[in-house]
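Participant: The opening position of the sequence shown corresponds to residue 4 in the numbering used here, with each subsequent residue numbered one higher. Built from N, CA and C at the ideal position, the CB exists for glycine as well.
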Amino acid sequence: MPSTAQAGRHEPAPPKHRPDVIRVRGARTHNLASVDVDLPRDRLVVITGPSGSGKSSLAFDTIFAEGRRRYVESLSVAARSLLDRLPRPDVDLVDGLSPCIALEQNAAGRTPRSTLGTLTEVYDFLRLLFARLGTVIDPATGRRAGRTTREEIAEAVLALPEGTRLSVVAPVVEDAVGDHADLLADLLRRGFVRVALDGVVTDLSNAPKLTGDEPHTVEVYVDRLVVRPGIETRLREAIATAAELGHGTVRIVPLEGAERTFREHYTVGTGGHRIDEVSPSLLSFNHPAGACPACGGLGKRPSVLAERIVPDPTRTLEGGALLPHTPHLRRSLARRIDKLVRGLAIPTNVPFQDLPAEARIALLEGTGPGEGVRFAGLLAEVRERLERAREATDDGDDLSAELELLAEDETCPTCRGTRLRPEALCVRLEGRTIADVAAMTVTEIVAFLEGLALPDGQAEVATAVVEPALARLRFLDEIGLSYLTLDRPATTLSGGEFQRARLATQVGAGLVGVTYVLDEPSIGLHPQDTARLLGVLERLRDLGNTVIVVEHDVDTIRAADFVVDMGPKAGREGGRVLATGTVEDLCATEASVTGTYLSGRTPLPAKPGRRHGTTRLVLEGATGHNLANVTLSVPLGTLTCVTGVSGSGKSSLVVDTLLRAVARELTGASKDPLPYRRLRGTAHLEKVVHVDQSPIGRSPRSTPATYTGVFTELRNLFAGLPTARMRGFSPAHFSYNTGAGRCETCAGEGVRRFAMQFLPDVAIPCPSCGGARYGPDVLDIHFRGRNIAEILAMTVDEAAEFFVAQPKIRRPLAVLRDVGLGYLTLGQSATTLSGGEAQRMKLAKELARPAAGPCLYVLDEPTTGLHVADIVVLLGVLDRLVEAGHTVLVIEHDPVVLRHADHIVDLGPGAGPEGGRIVVCGTPEEVAAHPESHTGRHLAPWLEL
Ligand SMILES: [Zn+2]
Ligand SMILES: [Zn+2]
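(1) Quick check on D863: buried or exposed, where buried means 16 or more other Cβ atoms within 10 Å of its Cβ?
(2) So what does DSSP say about M844, is it helix, strand or coil?
(3) With a Cβ-Cβ cutoff of 8 angstroms, do A582 and S595 count as a contact?
(4) What is the chain-ordered set of residues for which the beta carbon lies under 5 angstroms from any non-hydrogen atom of ligand 1?
(5) Using CA atoms only, rank isn't needed, just tell me which of D695, R663, E387 is closest to L682.
(6) Counting only runs that start and end within the stretch 292-329, where is the beta strand (DSSP E) found for 3 or more residues in a row?
(7) Straight-line CA distance for T494 to V307?
(8) Do S651 and ligand 2 come close, with the Cβ less than 7 angstroms from some heavy atom?
(9) Which first and last residues belong to the beta strand (DSSP E) in which E177 is found?
(10) Once DSSP output is grouped into helix, strand and coil, what is the label at L213?
(11) When the Cα of S54 is compared with those of G825, D341, L528, which residue comes out closest?
(12) Here's a check: name, in chain order, each residue in its chain whose Cβ is nearer than 6 angstroms to the Cβ of R311, leaving out the five neighbours to either side.
(13) Can you grab the Cα-Cα spacing for the pair A472 / A199, in whole Å?
(14) Tell me where the alpha helix (DSSP H) around E523 begins and ends.
(15) Per DSSP, S636 is paired with what?
(16) When you measure from the CB of S771 to every non-hydrogen atom of ligand 2, does any distance come out below 7 angstroms?
(17) Just tell me which of G380, H906, T488 has its CA closest to the CA of R339.
(18) Just to confirm the assignment: which complete beta strand (DSSP E) runs, minimum length 3, are found wholly within the stretch 816-898?
(19) In terms of DSSP beta bridges, what is M729 paired with?
(20) Beta-carbon within less than 7 angstroms of V256's beta-carbon, same chain only, minus the 5 sequence neighbours each way: which residues are those?
(21) Could you tell me which whole alpha helix (DSSP H) segments of length 4 or greater appear in the stretch 661-707?
(22) Mapping the DSSP letters down to three states, classify F1 as helix, strand or coil.
(23) Just mark D178 as buried or exposed, buried being the case when its beta carbon has 16 or more other beta carbons within 10 Å.
(24) Label H615 either buried or exposed according to how many other C-beta atoms from any shown protein chain fall within 10 Å of its C-beta, with 16 as the threshold for buried.
(25) Would you grab the beta carbon distance between V645 and V908 for me? Rounded to a whole angstrom, and I think it's under 8 angstroms.
(26) I'd like the list of long-range same chain contacts for S59, defined as Cβ closer than 8 angstroms, with 5 residues on each side in sequence excluded.
(27) Could you compute how far the alpha carbon of A951 sits from the alpha carbon of R153?
(28) Could you tell me the distance, in whole angstroms, from the CA atom of V875 to the CA atom of P102?
(29) For C858, is the beta carbon positioned less than 7 angstroms from some heavy atom of ligand 2?
(30) Tell me whether G753 counts as near ligand 4, meaning its Cβ is closer than 7 angstroms to at least one heavy atom of that ligand.
(31) Just tell me which of H903, E917, G918 has its CA closest to the CA of L946.
(32) Report all residues from its chain with a CB closer than 6 angstroms to the CB of G660; omit the five preceding and five following residues, and keep chain order.
(33) Determine the extent of the alpha helix (DSSP H) in which E155 is found, giving its start and end residues.
(34) What do you reckon, are the CB atoms on A802 and L836 nearer than 8 angstroms?
(35) Looking at the structure shown, is T592 part of a helix, part of a strand, or coil, going by DSSP?
(36) Among I921, T370, H331, which one has its Cα closest to the Cα of G346?
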């Protein structure tokens, strides 16, 4: 019983009971088969198992979702009203849970506006630092720009000899055209008596009229004073009034002697830019106060290139000189181009280069006012459409992909890529702008901050700003990201780099007693880097946190304190806990799939007889980014892997140079490759395909069904059913994207969205259709007992079976199953797919319509998100492509893939300036035998298996 008698005493609170496990009972979210499991707290826990076995359902959709619900419960009443509608994890009990933070890999939070600096908050600390300690340097003079506070103005007046007579004056209008009659009338009403009009002091009540078409100056005499003790209050009031009227400028005009002008703000540059205050927002490119006005703080803007619109000027207009590689765009512009060509009588049978200059200018740059036909020019048309496409949030379609091909981003000429307005760049610290510091690597910034000489009395800046920034930077260094610069756009970070940067932010924040849930943090990491990552996870644990990791990486599994092995397969054949405990426990458990591979009970697929290829694709002298004059030779008709630690230059070499160079030679359409000297061997190739990990759709409306084209077939099938024909339904009725068939309430989205404080938006099922996306009329129509919504809720595996007699539907689904995606549902939003799943979707699309001639397939880290069991399936798919005569070039670290490769190119040895060379290339055995190759060292034990 609480008693009031104890109120005044401070007794230590009894130690709270801290459970030592997170207990989960009866978890049935998605495919989980009523899972019961106890996870030890304050430990590193790994949840593993094949794709689709239910790992994420347990870690994210049950444990994290429950943690989030409890967080929402602690929020405002308004937020709690949402609680009942938040997706409730289907679970009987979760207890022992501490506050949860999820670190996922997906694109949320990666906008063109975020950089490594904003992501890790280091840039925010830098803004505070520059705002507190920076000085404003006027670039026009190179000298310190000054300003005076109101208090300093008062002190300057009080320092004048006693008895000095003076006026406090506010310049209200400075050289502005107009008669300013309203202003003067207003001043009179407010009780001011005297003004100076163009320098002539006069009584406000009978001031002469000013001419309306000339510039004038108006100064108001706010007060007249004699310096003596006791005037302080009146003086301060007068200065405040003058500062308000004069927009920060105050003049002190003594009866005798020179007048003095004081400014509350800095004035810098020849344009008279003013800085009211050096605030952190002035230094933010994501705030209107700081963003470069020309590019809105993005640092770059698209520049459309005439040579991409007319790549071959020897062609005629009727021979396809204009936009030959962008057919969708050409079609959408055809009518307007035709009108222009006919209107100006431009000959269509003359090579473009021989057309009269006016005709070429009209086509590219547009017509002038007197030319009869109005046309903005292809350059402007393309630029405008491109900007619109980039702002759109829905799917990037074929047209927007074409538009991107015609442009290169150029550095914004106004801010030179710094993203900041000129005023912000006037703030310097030890001679550097904040943009200078953001352009440094992590290593360099650590040195800069450590060497910073803090002025006296600023000790708290060190603890409040410098130390937290350094903590985050040192972690970035520790997990192998020291080569990144703070201004690196978040959109160009790999999934793994992104997640590790967020991890550094969390460790730097030093929270205790949190449950962290991570999604495959080892993705994209060379084994060398994984070891360092594990060090950081262990540190997070040792601070007193629970770290739950969904992971396939063998090194991470071995490092875990506790492993949960899920399976045995995907979807309905998964969702069970097969084994828990240490790695040894797993190996000793017959039923554990992971255990069978780790213990060697299930052998890895046999190493293929190495294919050598008879011809080669050779890229000579690549020098982009950190590449040190690299010559890359790829044997055609093989599986070749490019390896190396993060930052060693793999993507620069394979994607940014080789891929673009080959695409340009084969199709003419490509972004500019990074510099290289020569490319040989493309004559043996017909096509090049980049199977990357970018999302297959930006909109929640794209799904595996829309992407594979199965949705079109389904709609035709339903529209052909007798009931549908009777009601006059067309295939469009069965689309939830447009048309009359979709649910009106949610416009076919199936969900309503709510914005949350501190959390991503929450979506709840639509109250009208319950998530089905369709109106009742459409849901009434059944094929073999299922309506369209029920079919979209099927997994790929189920649907392939259900439509066994409909080959046009079954075939694309069978290919999805072949690449290990049988567990996805047909209507699953593409935004929920991981990068690895998106990549395998693209791979399936390629397999479904194989290229006729020999093709080069380039894949980035295709094992992302794959369990060993899944990798074995993927290798079968890649082998099928090679056996069909194609070449597969893979950026990869996974030892199971490497031991299977025909040829390995190992880049490095280190990251950034320490990388960019080929350490060794050859068969897996040759790489393993090389003494300097980090990859070789990690690969060697796997070759014994
Ligand atoms: Zn700019
Ligand atoms: Zn609805």
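Facilitator: Concretely, from the data shown:
(1) buried
(2) helix
(3) Result yes, Cβ atoms of A582 and S595 sit closer than 8 angstroms.
(4) C295, A297, C298, C415, T417, C418
(5) R663
(6) 303-307
(7) 21 angstroms
(8) no
(9) 168-180
(10) coil
(11) G825
(12) L409
(13) 53 angstroms
(14) Per DSSP, E523 belongs to no alpha helix (DSSP H) and is neither H nor E.
(15) V621
(16) yes
(17) G380
(18) 858-863, 890-894
(19) Under DSSP, M729 forms no beta bridge with any residue.
(20) L169, S170, V172, E262
(21) 663-670
(22) The question about residue 1 has no answer, for the chain in this structure spans 4 to 948.
(23) exposed
(24) exposed
(25) Going by Cβ atoms, the distance from V645 to V908 rounds to 5 angstroms, so yes, they are a contact pair.
(26) D522, V553
(27) Outside the displayed span of the chain (4 to 948) sits residue 951, for which this structure offers no information.
(28) 38 angstroms
(29) no
(30) Looking for ligand 4 in the displayed structure turns up nothing; the ligands present are ligand 1 and ligand 2.
(31) Ranking the options by Cα distance to L946, first place goes to H903.
(32) Looking at the sequence provided, one finds Thr at residue 660 rather than Gly. Closer than 6 angstroms at the Cβ level, and outside the excluded window around T660, lie A625, G627, P676, L677, Y679.
(33) 153-161
(34) Taking 8 angstroms as the Cβ cut-off, A802 and L836 do not qualify as a contacting pair.
(35) coil
(36) T370
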